[in-house]
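A.B. asks: Take this structure, written in structure tokens, and hold onto it; I'll ask about it next.
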Amino acid sequence: MDISRVLVANRGEIALRVIKACRDLGIESVVAVSEADRESLPARMADRAVCIGPARSSESYLKIDAIIAAALGTKSNAVHPGYGFLAEEPEFAEACAKHGLRFIGPRADSIRQMGNKLAARSLASEYGIPVVPGSKKAANVNQALAAAEEVGLPVLLKAAAGGGGRGIKIVNEASELQRAFETSAAEARAAFGDETLYIERYLPNARHIEVQVLGDQFGSAIHVGERDCSLQRRYQKVVEEAPAYSIPDPLRKKIRKAAVTIAKNIRYENAGTVEFILDQDNSQFYFLEMNTRIQVEHPVTEMITGIDLVKEQISIADGQRLLFKEADIHFSGHAIECRITAESPQHGFRPYPGRIHEWRPPEGTDIRIDSHCFRGYSVPPFYDSLLAKLIVRGVDRKEAIGRMQQALAAFRVDGIDTTIPFLRFLLNQPDYLAGEVNTGWVENQLEQFAFNLRE
Amino acid sequence: MIEKDKLITQLTVDELLEILNLLEKSDFDFLRLEAGDIKLTVGKKGYHGGDDESPQASSARPPASSQPDLKVETKAPETSGTQRAATAEAPVVKEGTVPIVAPMVGTFYTTPEPGAPPFVKTGDSVAASTTVGLIEVMKVFNAVTSRVNGIIVETCVENGQFVEYGQTLFLVKPPAH
Chain C
1497 MDISRVLVAN RGEIALRVIK ACRDLGIESV VAVSEADRES LPARMADRAV
1547 CIGPARSSES YLKIDAIIAA ALGTKSNAVH PGYGFLAEEP EFAEACAKHG
1597 LRFIGPRADS IRQMGNKLAA RSLASEYGIP VVPGSKKAAN VNQALAAAEE
1647 VGLPVLLKAA AGGGGRGIKI VNEASELQRA FETSAAEARA AFGDETLYIE
1697 RYLPNARHIE VQVLGDQFGS AIHVGERDCS LQRRYQKVVE EAPAYSIPDP
1747 LRKKIRKAAV TIAKNIRYEN AGTVEFILDQ DNSQFYFLEM NTRIQVEHPV
1797 TEMITGIDLV KEQISIADGQ RLLFKEADIH FSGHAIECRI TAESPQHGFR
1847 PYPGRIHEWR PPEGTDIRID SHCFRGYSVP PFYDSLLAKL IVRGVDRKEA
1897 IGRMQQALAA FRVDGIDTTI PFLRFLLNQP DYLAGEVNTG WVENQLEQFA
1947 FNLRE
Chain P
2 MIEKDKLITQ LTVDELLEIL NLLEKSDFDF LRLEAGDIKL TVGKKGYHGG
52 DDESPQASSA RPPASSQPDL KVETKAPETS GTQRAATAEA PVVKEGTVPI
102 VAPMVGTFYT TPEPGAPPFV KTGDSVAAST TVGLIEVMKV FNAVTSRVNG
152 IIVETCVENG QFVEYGQTLF LVKPPAH
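See below:
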């Protein structure tokens, strides 16, 4: 392997995940840390940690020149961006290439192609993949109104440069549109520096299904199965599962094929995820967007396939061919992931940074914890609130749910509030057990959860 | 258990944790493991190292965690002697002095151009606005100012050295009051 030392340009659990993959491959790792993360677990576990700037991400984790300087100064020859931060910045991938560093992710042009959600939609249409009915671009309120009437209310207003749920607004009535348009545009401008909006029909009874893809530098692209991420709060995933359950096999095949079609056509390199929305009322699926990075929920795919996706990323970036074909992949069992965050479900999910006095994750067969936390660790207030990903596997969904319920019950955290009580509540709901959920389901449970707290 | 002849970089997290556990239960204050170019130094809380080769060894670490301190050093063959493998650490401070720290990560230059005399050297007095060196980040040179008044008592880095954000460049003795 040409890659001998990887600079990890991220923090938290994903930095640790990359460090472990490097170690497994016999590659050295250097982690770039902000001042707030000098004492973090990734800083201790990497072969070396380099402080690149102050706590604020714009001065550290988002600062391309500081990260490139750290990579060159430590004689690293590859960079892993993790997710978030600079992972989907084409300029970052280009800066790495310019300085002779291998970017462990897709080419900059693929990131750019898929980064604009409007452009990605038309590309998918070109390849014959259905997209949610909607507009090309809504330049002003009047255009948005015309588009909304054409596709039929309710509609979603979305940012073309979007991601992470920012800038998305549901519009139920034509009279709400003007205000929603103004707030969405302002949010999009603040978050992405681009206020372009478009309209999509809102599907009230839909599932979020996404397909993991891998592509190499020789034009091969395969899928590694799909995940169901329908449990979302504020457009953020809360619980993810693999495989997608309760969809008939012919439909599953079609969705997987659509994902591979996109990956092949854009000659996608490295790991990526093609997201779809499945309308449960008419069994029709639609392309949503493609995420050009490793995703938070990648472990559920790993748990049912035995494939280490981060190692695959490194091997692909090294210029190697895909190690297996679709036919070689065996899916076995059912996996569930719960995202445990430092938020207080008892207090309207407000962020809850602070010192962890007790940290006892559950242990056992088919239980995996991806986390950078430990007893005595202080959760800094500057970053994402993700503390741990709790992943379990069972022979089937029923067993996996039972294991997850036990694992959540056994997870002891003191000192800060976490979303564990909320996750336990969700995983005990009859609808969830029956698999009768949609992307709006979690939001509809909030009232009951709050009611239970008061009782 | 840990296999013989295994590189530090091949130690698993579990093995490292096992080392930490063993040390914690033992009566020893620290453990140093050396194999070729690779060194592992593990110390208990309160242990500030005795590694005379390492400029970071005497640093006062913030008491941020209840875990034993861990430092893994990997010296790569192609890395020159001036570029030590250091973990990101808080600045070195000696009593009665204040540090001038690197305001950014990059390559530190003590001179305005190759062959020229250094901006400052030990014994020089500096004002807050004195330029003490340059840091190069992707071909852009940024002047580093002292930001403190006093006399330079120690130069902690070499010309052309890679420095981290917050790394101590010079120690300055401020004027007596």
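Going down the list, the sequences are from chains C and P. Numbers in the working numbering are just positions in the first sequence, counted from 1, shifted up by 1496. Numbers in the working numbering are just positions in the second sequence, counted from 1, shifted up by 1. Yeah, the Cβ is synthetic: ideal placement off N, Cα and C, and Gly gets one too.
Could you check which residue in Pro1876/C, Ile1607/C, Ile1832/C has the C-alpha nearest to that of Glu1535/C?
C.D. replies: As a first step, residue 1535/C must be located in the first sequence, where it is residue number 39. For Glu1535/C, the nearest C-alpha among the options comes from Pro1876/C.
A.B. asks: Is the Cβ-Cβ distance between Thr1797/C and Gly1711/C less than 7 Å?
C.D. replies: Taking the first residue of the first sequence as position 1, residue 1797/C is located at position 301. Taking the first residue of the first sequence as position 1, residue 1711/C is located at position 215. No, the Cβ-Cβ distance between Thr1797/C and Gly1711/C is not below 7 Å.
A.B. asks: Applying a beta-carbon distance threshold of less than 8 Å, which residues of chain P neighbour Asp1561/C?
C.D. replies: For the purposes of this step, residue 1561/C is identified with residue 65 of the first sequence, where counting begins at 1. What Asp1561/C touches in chain P: Val138, Met139, Val141.
A.B. asks: For Ile1965/C and chain P, any beta-carbon pair shorter than 7 Å?
C.D. replies: Residue 1965/C lies beyond the stretch modelled for chain C, which goes from 1497 to 1951, so this question has no answer here.
A.B. asks: Mind listing which residues of the stretch 148–173 of chain P have their C-beta closer than 7 Å to chain C's C-betas, in chain order?
C.D. replies: Phe163, Glu165, Tyr166, Gly167
A.B. asks: Would you list, in chain order, the members of the stretch 96–108 of chain P that have their beta-carbon closer than 8 Å to a beta-carbon of chain C?
C.D. replies: Within the stretch 96–108 of chain P, the qualifying residues are Met105, Val106, Gly107, Thr108.
A.B. asks: Is the beta carbon of Tyr158/P less than 7 Å from the beta carbon of Leu170/P?
C.D. replies: Counting from 1 along the second sequence, the entry for residue 158/P is found at position 157. Counting from 1 along the second sequence, the entry for residue 170/P is found at position 169. Residue identity check: residue 158/P is Val in the sequence provided, not Tyr. Contact flag set, yes.
A.B. asks: Mind checking the stretch 1621–1635 of chain C against chain P and listing, in chain order, the residues whose C-beta falls within less than 9 Å of any C-beta there?
C.D. replies: none
A.B. asks: Using 7 Å as the threshold, is the C-beta distance between Asp1814/C and Asp1498/C below it?
C.D. replies: Within the first sequence, the letter at position 318 stands for residue 1814/C. Within the first sequence, the letter at position 2 stands for residue 1498/C. The answer is yes: Cβ separation under 7 Å.
A.B. asks: Could you have a look at Met2/P and say whether DSSP puts it in helix, strand or coil?
C.D. replies: For the purposes of this step, residue 2/P is taken as residue 1 along the second sequence, with counting starting at 1. Bear in mind that the predicted position of Met2/P carries a pLDDT of just 42, short of 50, making it unreliable; the figure below should be weighed with that in mind. Of the three classes helix, strand and coil, the one that applies to Met2/P here is coil, per DSSP.
A.B. asks: Can you pull the DSSP bridge partners for His1704/C?
C.D. replies: Walking along the first sequence from the start, residue 1704/C turns up at place 208. Residue pairing of His1704/C in beta bridges, as defined by DSSP: Ile1773/C.
A.B. asks: Over the uninterrupted beta strand (DSSP E) stretch that includes Leu1882/C, give me the two end residues.
C.D. replies: Translated into positions along the first sequence, residue 1882/C becomes position 386. From DSSP, the beta strand (DSSP E) with Leu1882/C extends over 1882–1890.
A.B. asks: Classify Phe1588/C as helix, strand or coil using the three-state DSSP reduction.
C.D. replies: Numbered from its first residue, the first sequence carries residue 1588/C at position 92. The answer is helix: DSSP assigns Phe1588/C an H, G or I state.
A.B. asks: Under 7 Å, Cβ to Cβ, is there at least one residue of chain P near Val1546/C?
C.D. replies: Counting from 1 along the first sequence, the entry for residue 1546/C is found at position 50. Answer yes: the Cβ-Cβ gap between Val1546/C and chain P drops below 7 Å somewhere.
A.B. asks: Where does Leu23/P land, buried or exposed, given buried means 16+ other C-beta within 10 angstroms?
C.D. replies: To locate residue 23/P, count along the second sequence from 1; it is residue 22. Per the 10 Å Cβ criterion, exposed.
A.B. asks: Give the single residue among Glu1555/C, Ala1589/C, Thr1692/C whose Cα lies nearest to the Cα of Ala1615/C.
C.D. replies: Walking along the first sequence from the start, residue 1615/C turns up at place 119. The residue with the shortest Cα to Cα distance from Ala1615/C is Thr1692/C.
A.B. asks: Note down the Cα distance separating Gly1890/C from Ile1810/C, rounded to an integer number of angstroms.
C.D. replies: If you number the first sequence from 1, residue 1890/C lands on position 394. If you number the first sequence from 1, residue 1810/C lands on position 314. Taking the straight line from one Cα to the other gives about 29 Å.
A.B. asks: Give the secondary structure of Met1541/C by DSSP, where H, G and I count as helix, E and B as strand, and everything else as coil.
C.D. replies: Translated into the one-based positions of the first sequence, residue 1541/C becomes position 45. Annotated three-state conformation of Met1541/C is helix, per DSSP.
A.B. asks: Name, in chain order, the residues that DSSP records as bridge partners for Thr112/P.
C.D. replies: Your numbering for residue 112/P matches position 111 in the second sequence. Answer by DSSP bridge pairing: none, since Thr112/P is not bridged.
A.B. asks: Give me the chain P residues within the contact set of Gly1549/C, using Cβ-Cβ distance strictly less than 8 Å, ordered along the chain.
C.D. replies: If you number the first sequence from 1, residue 1549/C lands on position 53. At a beta-carbon threshold of 8 Å, the residues of chain P lying near Gly1549/C are Met105, Val106, Tyr166, ordered along the chain.
A.B. asks: By how many angstroms is the C-alpha of Gly134/P removed from the C-alpha of Asp1959/C?
C.D. replies: Examination of residue 1959/C is not possible in this model, given that chain C is present from 1497 through 1951 alone.
A.B. asks: Compare the Cα-Cα distances from Gly124/P to each of Met139/P, Ile152/P, Ile101/P, Gly97/P and report the closest residue.
C.D. replies: One-based indexing of the second sequence puts residue 124/P at position 123. Selected option, being the one with the closest Cα: Ile152/P.
A.B. asks: Taking the alpha carbon of Gln168/P as the reference point, which residue from Ile1751/C, Pro1849/C, Glu1645/C, Gly1549/C has its own alpha carbon closest?
C.D. replies: Within the second sequence, numbered from 1, the residue matching residue 168/P stands at position 167. Looking at the Cα atoms, Gly1549/C is the closest of the given residues.
A.B. asks: Just to confirm, is the Cβ distance from Ile1666/C to Leu1652/C under 7 Å?
C.D. replies: Numbered from 1 along the first sequence, position 170 holds the residue referred to as residue 1666/C. Numbered from 1 along the first sequence, position 156 holds the residue referred to as residue 1652/C. It is a contact, given that the beta carbons lie within the stated cut-off.
A.B. asks: Please work out which residues of its chain come closer than 6 Å, Cβ to Cβ, to Ala1906/C, disregarding the five sequence neighbours upstream and downstream, and give them in chain order.
C.D. replies: Counting from 1 along the first sequence, the entry for residue 1906/C is found at position 410. The residues are Pro1858.
A.B. asks: What do you get for Val1514/C, buried or exposed, if any count of 16 or more other CB atoms within 10 angstroms of its CB means buried?
C.D. replies: By 1-based counting over the first sequence, the position of residue 1514/C is 18. Buried is the call here.
A.B. asks: For the beta strand (DSSP E) that contains His1719/C, what are its first and last residues?
C.D. replies: Position 223 of the first sequence holds residue 1719/C. Unbroken beta strand (DSSP E) run through His1719/C: 1717–1729.
A.B. asks: Output needed for Gln1776/C: all residues of its chain with C-beta closer than 8 Å, excluding positions within five of it in sequence on either side, in chain order.
C.D. replies: As a position in the first sequence, residue 1776/C is number 280, starting the count at 1. The answer, listed in chain order, is Asn1701, Ala1702, Arg1703, Asn1934.
A.B. asks: With distances taken Cα to Cα, identify the nearest neighbour of Ser1874/C among Ile1852/C, Lys1894/C, Lys1885/C.
C.D. replies: On the first sequence, residue 1874/C is found 378 positions in, with the first residue counted as 1. Checked all of Ile1852/C, Lys1894/C, Lys1885/C; the closest Cα to Ser1874/C is Ile1852/C.
A.B. asks: Give the secondary structure of Met1610/C by DSSP, where H, G and I count as helix, E and B as strand, and everything else as coil.
C.D. replies: Within the first sequence, numbered from 1, the residue matching residue 1610/C stands at position 114. Met1610/C: helix per DSSP, three-state reduction.
A.B. asks: For a contact meaning CB atoms closer than 7 Å, what does Gly1508/C contact in chain P?
C.D. replies: Within the first sequence, residue 1508/C is the residue found at index 12, counting from 1. By Cβ distance, chain P contributes nothing, its closest Cβ being about 15 Å from Gly1508/C, past 7 Å.
A.B. asks: According to DSSP, is Pro1858/C part of a helix, a strand, or is it coil?
C.D. replies: Residue 1858/C sits at position 362 when you count from the first residue of the first sequence. Of the three classes helix, strand and coil, the one that applies to Pro1858/C here is coil, per DSSP.
A.B. asks: Could you compute how far the alpha carbon of Pro104/P sits from the alpha carbon of Ala1574/C?
C.D. replies: As a position in the second sequence, residue 104/P is number 103, starting the count at 1. As a position in the first sequence, residue 1574/C is number 78, starting the count at 1. One C-alpha to the other measures close to 25 Å.
A.B. asks: Using the Cβ count rule (16 or more neighbours within 10 Å means buried), how would you classify Ala144/P?
C.D. replies: For the purposes of this step, residue 144/P is identified with residue 143 of the second sequence, where counting begins at 1. With fewer than 16 other CB atoms across the displayed protein chains lying within 10 angstroms of its CB, Ala144/P is exposed.
A.B. asks: List, in order along the chain, the chain P residues whose C-beta lies closer than 9 Å to that of Glu1696/C?
C.D. replies: As a working note, residue 1696/C is residue 200 in the first sequence. Correct list: empty, because the minimum Cβ distance to chain P is about 40 Å.
A.B. asks: Can you look up Ile1666/C in the DSSP assignment and give me helix, strand or coil?
C.D. replies: As a position in the first sequence, residue 1666/C is number 170, starting the count at 1. If DSSP states are grouped into helix, strand and coil, Ile1666/C belongs with the strands.
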